[in-house]
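Read left to right, the sequence shown gives residues 43 to 217 (my numbering).
Read through the structure below, which is laid out as structure tokens, and then see the notes.
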Amino acid sequence: MKVALYARVSLEEGNKEDRRYQEPENQLMPLREWAKSQNWIIIDEYVDRGSGANPARENFRRMINDAMLRKFECILVWKLDRFSREGISQVFAYFEKLKGRGISIKSMSETWLDTSKENPMSEVVLAIMSWASSMERQKISERTKLGIQRRKNLGIWKGGRPKGSKERGVAVSNA
């Protein structure tokens, strides 16, 4: 089977001046090993750095476009929240779009996520996990806003984005 690997990393927690993106290799290495163990052929690897709530992630869009061209049969991800944090309806829309082209999604660490199988229970679990992922994104946003307000109250908020975060949708947690 021809597969694509998708990894998405976010900024690490901590002091906003020192924050760096997590390392995508932490996801890609085990995904490569998994593909190798199943004798799957890796066609491409797609990596984004930034929020899973941002639908304009460059490599995510490229991966979806390549899927529509049927360059591979399956997308391998570490976890659902690495694929998207856009919410239930959007995640289902991606899955339906991919399914319509014969493309499945499999998660290495969440074995219930395998859209290649017709399993109504997995759709229920997927809906719950998509909702949970969306709620986590909302909590991150709330913590960020609280942290900014706290810094404003202390008179130390200088405004703007944290150093090194040029990407839309990157959250900063100072709470």
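Where is the CB? At the ideal position from N, CA and C, for every residue including glycine.
Beta-carbon contacts of residue i that lie in its chain and below 7 Å, excluding the five residues immediately before and after
i              : result
aspartate 90   : Arg50, Arg99, Glu100, Asn101, Phe102
tryptophan 199 : Ile190, Arg193
lysine 208     : Reliability fails at lysine 208, whose pLDDT of 46 lies under 50, so the model's placement of it is uncertain and the value that follows must be treated cautiously. Cβ neighbours of lysine 208 beyond the five flanking positions: none.
Three-state class that DSSP yields for residue i in the structure shown
i              : result
leucine 70     : helix
serine 146     : strand
isoleucine 170 : helix
serine 83      : One detail in the question is off: residue 83 reads as isoleucine in this sequence, not serine. DSSP places isoleucine 83 in strand when its eight states are reduced to three.
Minimum C-alpha distance to residue i - residue among the options
i             : options                     : result
glycine 144   : Trp76, Met110, Ala95, Ile85 : Met110
tyrosine 48   : Gln132, Glu138, Phe114      : Phe114
asparagine 68 : Ile117, Arg124, Lys44       : Arg124
Whole-angstrom distance between residue j and residue i, CA atom to CA atom
i              : j              : result
alanine 77     : leucine 188    : 42 Å
glutamate 128  : serine 52      : 15 Å
arginine 112   : asparagine 195 : 53 Å
tryptophan 219 : tryptophan 154 : Past the boundaries of the shown model lies residue 219; the chain is included only from 43 to 217, so the question cannot be answered.
aspartate 86   : alanine 46     : 5 Å
valine 119     : glycine 142    : 19 Å
methionine 43  : leucine 140    : 16 Å
asparagine 107 : glutamate 184  : 33 Å
Residue i Cβ short of 6 Å to the ligand COA heavy atom set
i          : result
proline 97 : With respect to small molecules bound, the structure shown includes none, and the ligand COA cannot be examined in it.
Strand pairing of residue i, partner residues [DSSP]
i              : result
arginine 185   : Paired residue(s): none; arginine 185 is not in a bridge.
tyrosine 88    : Tyr48
isoleucine 117 : Ala46, Ile147
aspartate 156  : Lys148
Own chain, CB closer than 6 Å to residue i, minus 5 neighbours either side, in chain order
i             : result
aspartate 240 : A query on residue 240 cannot be resolved here, the shown segment of the chain reaching from 43 to 217 and no further.
Contact set for residue i: own chain, Cβ-Cβ below 8 Å, skip 5 residues either direction
i              : result
methionine 105 : Ala46, Tyr48, Asp86, Tyr88, Ile117
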